[in-house]
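To start, the structure under review is shown below, and the notes come after it.
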Amino acid sequence: KKLNAQLENLNTHLEDKVKEQTRELLGAYEIEKKARIELQRISEEKDRFIMITQHELRTPLTAIKWGMETMLSGGFGDITQAQMDYGNSAKESADRLIKVVNKMSNSNEKKLYSATGSVEQSFFAPVLERVLSAFELYREEKKIEIRKDIRIGREVALKISSEKLYQIISNLLDNSLKYTPVEGKITLSLYGEDEKTVTMKISDNGIGIPSESKDMLFSKFYRATNAMAMHPNGSGLGLCIIKSLVEQTGGKISVVSEGEGKGTTVTIVFQRV
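The numbering used here applies: residue 30 is where the sequence shown begins, and numbers increase by one.
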(Lines of atoms letter the chains of each structure in order from A and count residues from 1; the text may use other names and numbers.)
(Lines give C-alpha, C1' and ligand atoms only; values in the text may rest on other atoms or scores of the structure.)
Protein backbone atom coordinates (compact mmCIF):
# COMPACT_ATOMS: atom_id res chain seq x y z
CA LYS A 1 0.00 0.00 0.00
CA LYS A 2 2.82 2.35 0.87
CA LEU A 3 4.43 1.64 -2.52
CA ASN A 4 1.14 2.27 -4.32
CA ALA A 5 0.74 5.57 -2.50
CA GLN A 6 4.26 6.59 -3.48
CA LEU A 7 3.56 5.66 -7.11
CA GLU A 8 0.33 7.66 -7.07
CA ASN A 9 2.16 10.66 -5.62
CA LEU A 10 4.85 10.30 -8.27
CA ASN A 11 2.24 10.10 -11.04
CA THR A 12 0.46 13.14 -9.65
CA HIS A 13 3.74 15.03 -9.45
CA LEU A 14 4.64 14.05 -13.02
CA GLU A 15 1.19 15.06 -14.28
CA ASP A 16 1.54 18.42 -12.57
CA LYS A 17 4.98 18.88 -14.13
CA VAL A 18 3.65 17.96 -17.59
CA LYS A 19 0.74 20.39 -17.20
CA GLU A 20 3.10 23.13 -16.04
CA GLN A 21 5.47 22.56 -18.96
CA THR A 22 2.51 22.41 -21.36
CA ARG A 23 1.29 25.78 -20.06
CA GLU A 24 4.78 27.21 -20.51
CA LEU A 25 4.99 25.84 -24.06
CA LEU A 26 1.56 27.22 -24.91
CA GLY A 27 2.58 30.58 -23.46
CA ALA A 28 5.79 30.59 -25.49
CA TYR A 29 3.82 29.61 -28.60
CA GLU A 30 1.38 32.48 -28.09
CA ILE A 31 4.26 34.93 -27.65
CA GLU A 32 5.92 33.61 -30.81
CA LYS A 33 2.61 33.74 -32.69
CA LYS A 34 2.03 37.37 -31.67
CA ALA A 35 5.60 38.21 -32.71
CA ARG A 36 5.05 36.61 -36.13
CA ILE A 37 1.80 38.54 -36.61
CA GLU A 38 3.50 41.80 -35.67
CA LEU A 39 6.42 41.10 -38.02
CA GLN A 40 3.98 40.34 -40.82
CA ARG A 41 2.13 43.60 -40.13
CA ILE A 42 5.39 45.56 -40.22
CA SER A 43 6.39 43.82 -43.46
CA GLU A 44 3.04 44.66 -45.04
CA GLU A 45 3.35 48.29 -43.98
CA LYS A 46 6.83 48.39 -45.51
CA ASP A 47 5.52 46.95 -48.78
CA ARG A 48 2.67 49.45 -48.89
CA PHE A 49 5.10 52.30 -48.26
CA ILE A 50 7.46 51.14 -50.99
CA MET A 51 4.70 50.66 -53.58
CA ILE A 52 2.99 53.96 -52.90
CA THR A 53 6.25 55.91 -52.65
CA GLN A 54 7.47 54.40 -55.90
CA HIS A 55 4.29 55.29 -57.74
CA GLU A 56 3.84 58.75 -56.26
CA LEU A 57 7.44 59.87 -56.81
CA ARG A 58 7.59 58.82 -60.43
CA THR A 59 5.03 61.33 -61.75
CA PRO A 60 6.57 64.53 -60.29
CA LEU A 61 10.09 63.34 -61.09
CA THR A 62 9.06 62.63 -64.67
CA ALA A 63 7.44 66.07 -64.88
CA ILE A 64 10.73 67.63 -63.75
CA LYS A 65 12.60 65.61 -66.37
CA TRP A 66 10.17 66.64 -69.13
CA GLY A 67 10.46 70.28 -68.10
CA MET A 68 14.26 70.16 -68.21
CA GLU A 69 14.25 68.38 -71.57
CA THR A 70 11.86 70.95 -73.02
CA MET A 71 14.02 73.81 -71.75
CA LEU A 72 17.24 72.22 -73.02
CA SER A 73 15.73 71.63 -76.47
CA GLY A 74 14.79 75.32 -76.79
CA GLY A 75 11.11 74.86 -76.05
CA PHE A 76 11.10 77.95 -73.82
CA GLY A 77 13.38 80.00 -76.05
CA ASP A 78 17.12 80.55 -76.12
CA ILE A 79 19.08 79.79 -72.95
CA THR A 80 22.58 80.67 -71.81
CA GLN A 81 25.40 78.17 -71.36
CA ALA A 82 25.06 78.47 -67.58
CA GLN A 83 21.34 77.71 -67.80
CA MET A 84 22.10 74.73 -70.02
CA ASP A 85 24.66 73.42 -67.51
CA TYR A 86 22.23 73.76 -64.61
CA GLY A 87 19.45 72.21 -66.71
CA ASN A 88 21.58 69.20 -67.63
CA SER A 89 22.54 68.74 -63.98
CA ALA A 90 18.89 68.85 -62.90
CA LYS A 91 17.87 66.42 -65.64
CA GLU A 92 20.64 63.98 -64.69
CA SER A 93 19.58 64.16 -61.04
CA ALA A 94 15.96 63.47 -62.00
CA ASP A 95 17.10 60.52 -64.15
CA ARG A 96 19.05 59.06 -61.22
CA LEU A 97 16.09 59.41 -58.87
CA ILE A 98 13.74 57.84 -61.42
CA LYS A 99 16.09 54.84 -61.64
CA VAL A 100 16.11 54.54 -57.85
CA VAL A 101 12.30 54.68 -57.76
CA ASN A 102 12.06 52.03 -60.48
CA LYS A 103 14.21 49.69 -58.38
CA MET A 104 11.76 49.95 -55.49
CA SER A 105 9.20 47.70 -57.18
CA ASN A 106 8.03 45.01 -54.78
CA SER A 107 6.19 41.93 -56.10
CA ASN A 108 5.08 40.40 -52.78
CA GLU A 109 1.39 39.57 -52.63
CA LYS A 110 0.35 42.07 -49.99
CA LYS A 111 -2.76 44.18 -49.67
CA LEU A 112 -2.69 47.84 -50.61
CA TYR A 113 -3.30 50.31 -47.84
CA SER A 114 -6.82 50.44 -46.45
CA ALA A 115 -8.86 53.36 -45.26
CA THR A 116 -8.07 54.81 -41.85
CA GLY A 117 -9.63 57.64 -39.94
CA SER A 118 -12.61 59.72 -40.93
CA VAL A 119 -13.47 60.56 -44.51
CA GLU A 120 -12.75 64.15 -45.50
CA GLN A 121 -14.45 66.18 -48.18
CA SER A 122 -13.15 68.01 -51.22
CA PHE A 123 -14.30 70.11 -54.15
CA PHE A 124 -13.54 68.97 -57.66
CA ALA A 125 -12.66 72.23 -59.45
CA PRO A 126 -9.62 73.36 -57.39
CA VAL A 127 -8.16 69.86 -57.37
CA LEU A 128 -8.57 69.55 -61.15
CA GLU A 129 -6.86 72.92 -61.63
CA ARG A 130 -3.85 71.69 -59.63
CA VAL A 131 -3.64 68.50 -61.68
CA LEU A 132 -3.92 70.27 -65.04
CA SER A 133 -1.25 72.77 -64.00
CA ALA A 134 1.14 69.94 -63.06
CA PHE A 135 0.72 68.26 -66.45
CA GLU A 136 0.57 71.36 -68.65
CA LEU A 137 4.14 71.08 -69.97
CA TYR A 138 3.67 67.45 -70.96
CA ARG A 139 0.30 68.20 -72.55
CA GLU A 140 1.83 71.03 -74.61
CA GLU A 141 4.76 68.87 -75.63
CA LYS A 142 2.44 66.20 -77.05
CA LYS A 143 -0.03 68.82 -78.39
CA ILE A 144 -2.92 66.96 -76.80
CA GLU A 145 -6.27 68.72 -76.46
CA ILE A 146 -8.03 68.30 -73.11
CA ARG A 147 -11.74 69.01 -73.27
CA LYS A 148 -13.64 69.65 -70.03
CA ASP A 149 -17.35 69.06 -69.61
CA ILE A 150 -18.19 70.04 -66.02
CA ARG A 151 -21.90 69.91 -65.23
CA ILE A 152 -21.88 70.37 -61.47
CA GLY A 153 -21.36 73.52 -59.45
CA ARG A 154 -18.15 74.35 -57.61
CA GLU A 155 -20.05 74.07 -54.33
CA VAL A 156 -20.71 70.32 -54.71
CA ALA A 157 -18.58 68.47 -52.13
CA LEU A 158 -17.28 64.95 -52.66
CA LYS A 159 -16.81 62.40 -49.88
CA ILE A 160 -13.06 62.05 -50.40
CA SER A 161 -10.02 63.99 -49.24
CA SER A 162 -8.46 66.46 -51.67
CA GLU A 163 -5.18 64.53 -51.61
CA LYS A 164 -6.84 61.25 -52.58
CA LEU A 165 -8.88 63.00 -55.26
CA TYR A 166 -5.70 64.60 -56.59
CA GLN A 167 -3.99 61.22 -56.64
CA ILE A 168 -6.87 59.64 -58.56
CA ILE A 169 -7.19 62.38 -61.20
CA SER A 170 -3.42 62.76 -61.67
CA ASN A 171 -2.89 59.03 -62.11
CA LEU A 172 -5.72 58.80 -64.65
CA LEU A 173 -4.55 61.87 -66.56
CA ASP A 174 -0.98 60.59 -66.50
CA ASN A 175 -2.15 57.33 -68.10
CA SER A 176 -4.19 59.13 -70.75
CA LEU A 177 -1.35 61.49 -71.67
CA LYS A 178 1.17 58.66 -71.81
CA TYR A 179 -0.91 56.35 -73.99
CA THR A 180 -2.56 58.93 -76.26
CA PRO A 181 -0.68 59.82 -79.48
CA VAL A 182 0.63 63.28 -80.33
CA GLU A 183 -2.22 65.70 -81.18
CA GLY A 184 -4.69 63.32 -79.57
CA LYS A 185 -7.75 64.21 -77.52
CA ILE A 186 -8.75 63.65 -73.90
CA THR A 187 -12.22 64.45 -72.57
CA LEU A 188 -12.89 64.91 -68.87
CA SER A 189 -16.55 64.92 -67.86
CA LEU A 190 -18.16 65.47 -64.48
CA TYR A 191 -21.89 65.26 -63.83
CA GLY A 192 -24.41 64.25 -61.20
CA GLU A 193 -27.10 61.72 -62.06
CA ASP A 194 -28.68 61.94 -58.60
CA GLU A 195 -28.29 63.82 -55.33
CA LYS A 196 -26.05 61.18 -53.74
CA THR A 197 -23.30 60.68 -56.32
CA VAL A 198 -21.07 62.47 -58.83
CA THR A 199 -19.73 60.67 -61.89
CA MET A 200 -16.37 61.45 -63.48
CA LYS A 201 -15.31 60.14 -66.88
CA ILE A 202 -11.91 60.45 -68.53
CA SER A 203 -11.90 59.35 -72.18
CA ASP A 204 -9.05 59.35 -74.67
CA ASN A 205 -8.34 58.22 -78.22
CA GLY A 206 -5.17 56.41 -77.20
CA ILE A 207 -3.87 52.88 -77.64
CA GLY A 208 -6.87 51.23 -75.98
CA ILE A 209 -6.91 47.92 -74.14
CA PRO A 210 -6.51 44.46 -75.74
CA SER A 211 -9.51 42.21 -75.07
CA GLU A 212 -7.37 39.62 -73.27
CA SER A 213 -6.20 42.27 -70.77
CA LYS A 214 -9.56 43.62 -69.62
CA ASP A 215 -10.04 41.17 -66.75
CA MET A 216 -6.57 41.91 -65.35
CA LEU A 217 -6.58 45.71 -65.40
CA PHE A 218 -6.89 46.18 -61.64
CA SER A 219 -4.37 43.48 -60.74
CA LYS A 220 -1.29 44.71 -58.95
CA PHE A 221 1.74 45.11 -61.26
CA TYR A 222 -0.22 43.97 -64.34
CA ARG A 223 0.37 45.84 -67.62
CA ALA A 224 -1.20 45.23 -71.02
CA THR A 225 1.17 44.19 -73.79
CA ASN A 226 0.59 47.33 -75.87
CA ALA A 227 1.23 49.53 -72.82
CA MET A 228 4.52 47.74 -72.11
CA ALA A 229 5.57 48.11 -75.75
CA MET A 230 4.94 51.87 -75.64
CA HIS A 231 6.37 52.54 -72.15
CA PRO A 232 8.47 49.59 -70.90
CA ASN A 233 9.25 51.09 -67.48
CA GLY A 234 5.74 51.38 -66.01
CA SER A 235 4.97 49.90 -62.59
CA GLY A 236 1.49 48.48 -63.23
CA LEU A 237 0.26 50.00 -59.96
CA GLY A 238 -1.79 52.97 -61.19
CA LEU A 239 -5.24 51.44 -61.65
CA CYS A 240 -4.77 49.15 -58.67
CA ILE A 241 -4.07 52.11 -56.39
CA ILE A 242 -6.89 54.16 -57.93
CA LYS A 243 -9.38 51.33 -57.35
CA SER A 244 -8.30 51.05 -53.72
CA LEU A 245 -8.67 54.80 -53.17
CA VAL A 246 -12.09 54.93 -54.84
CA GLU A 247 -13.49 51.97 -52.92
CA GLN A 248 -12.22 53.30 -49.59
CA THR A 249 -14.81 56.07 -49.79
CA GLY A 250 -17.68 53.97 -51.13
CA GLY A 251 -17.12 54.81 -54.79
CA LYS A 252 -17.04 52.63 -57.88
CA ILE A 253 -14.71 52.44 -60.87
CA SER A 254 -15.02 50.83 -64.30
CA VAL A 255 -12.87 50.82 -67.43
CA VAL A 256 -14.22 50.42 -70.96
CA SER A 257 -12.31 50.04 -74.23
CA GLU A 258 -13.57 48.73 -77.56
CA GLY A 259 -10.16 47.20 -78.14
CA GLU A 260 -6.59 47.94 -79.07
CA GLY A 261 -6.16 51.29 -80.80
CA LYS A 262 -9.69 52.42 -79.95
CA GLY A 263 -9.14 54.52 -76.84
CA THR A 264 -10.21 54.05 -73.24
CA THR A 265 -12.86 55.48 -70.93
CA VAL A 266 -12.50 55.32 -67.15
CA THR A 267 -15.65 56.02 -65.13
CA ILE A 268 -15.61 56.73 -61.41
CA VAL A 269 -18.68 57.30 -59.24
CA PHE A 270 -17.95 59.37 -56.11
CA GLN A 271 -20.21 59.76 -53.10
CA ARG A 272 -21.43 63.25 -52.29
CA VAL A 273 -21.14 64.65 -48.79
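The beta-carbon is built from N, C-alpha and C at its ideal position, and this holds for glycine as well.
Counting C-beta neighbours from all protein chains within 10 Å, is the total for residue i 16 or more, i.e. buried, or is it exposed?
i: residue 104; result: exposed
i: residue 64; result: exposed
i: residue 54; result: exposed
i: residue 100; result: buried
i: residue 204; result: buried
i: residue 143; result: With a pLDDT of 44 at residue 143, under the threshold of 50, the modelled position of that residue is not reliable, and the figure given next carries that caveat. Exposed, since its Cβ has fewer than 16 Cβ neighbours within 10 Å.
i: residue 257; result: exposed
i: residue 110; result: exposed
i: residue 118; result: exposed
i: residue 156; result: buried
i: residue 62; result: exposed
i: residue 128; result: exposed
i: residue 102; result: exposed
i: residue 272; result: buried
i: residue 267; result: buried
Measure from the alpha carbon of residue i to the alpha carbon of each residue in the options, then state which is nearest.
i: residue 211; options: 58, 274, 168; result: 168
i: residue 199; options: 86, 69, 74, 68; result: 86
i: residue 247; options: 152, 274, 130, 93; result: 274
i: residue 276; options: 189, 265, 37; result: 189
i: residue 280; options: 170, 197, 34; result: 197
i: residue 230; options: 215, 97, 187; result: 215
i: residue 283; options: 292, 298, 127, 290; result: 298
i: residue 195; options: 158, 42, 47; result: 158
i: residue 180; options: 268, 267, 173, 228; result: 228
i: residue 126; options: 90, 153, 263, 259; result: 90
For the alpha helix (DSSP H) holding residue i, just list the boundary residues, first then last.
i: residue 245; result: From DSSP, residue 245 is part of no alpha helix (DSSP H); its letter is neither H nor E.
i: residue 168; result: 153 to 171
i: residue 276; result: 267 to 277
i: residue 254; result: 254 to 259
Alpha carbon to alpha carbon, how far is residue j from residue i? Give it in angstroms, no decimals.
i: residue 161; j: residue 150; result: 20 angstroms
i: residue 313; j: residue 252; result: Residue 313 lies beyond the range of the chain shown here (30 to 302); nothing can be said about it.
i: residue 123; j: residue 115; result: 12 angstroms
i: residue 237; j: residue 209; result: 9 angstroms
i: residue 224; j: residue 183; result: 15 angstroms
i: residue 239; j: residue 294; result: 14 angstroms
i: residue 244; j: residue 270; result: 16 angstroms
i: residue 74; j: residue 68; result: 10 angstroms
i: residue 177; j: residue 218; result: 6 angstroms
i: residue 60; j: residue 213; result: 60 angstroms
i: residue 192; j: residue 175; result: 22 angstroms
i: residue 93; j: residue 206; result: 16 angstroms
i: residue 33; j: residue 40; result: 10 angstroms
i: residue 300; j: residue 250; result: 28 angstroms
i: residue 255; j: residue 220; result: 31 angstroms
i: residue 171; j: residue 95; result: 11 angstroms
i: residue 49; j: residue 70; result: 32 angstroms
i: residue 139; j: residue 278; result: Low confidence applies to residue 139: its pLDDT is 36, below 50, so where it sits in the model is not reliable enough to give any reading.
i: residue 97; j: residue 66; result: 46 angstroms
i: residue 163; j: residue 241; result: 33 angstroms
i: residue 201; j: residue 233; result: 11 angstroms
i: residue 292; j: residue 112; result: 39 angstroms
i: residue 290; j: residue 235; result: 6 angstroms
i: residue 57; j: residue 37; result: 30 angstroms
Could you give the first and the last residue of the continuous beta strand (DSSP E) run that contains residue i?
i: residue 174; result: 174 to 179
i: residue 232; result: 226 to 233
i: residue 197; result: Element bounds for residue 197: not the beta strand (DSSP E) but the alpha helix (DSSP H), 191 to 208.
i: residue 250; result: No beta strand (DSSP E) holds residue 250; DSSP gives it neither H nor E.
i: residue 215; result: 214 to 220
i: residue 295; result: 293 to 300
i: residue 236; result: Note, residue 236: premise wrong, no beta strand (DSSP E); not H, not E.
i: residue 264; result: Residue 264 -> no beta strand (DSSP E), and no H or E assigned at all.
i: residue 283; result: 281 to 285
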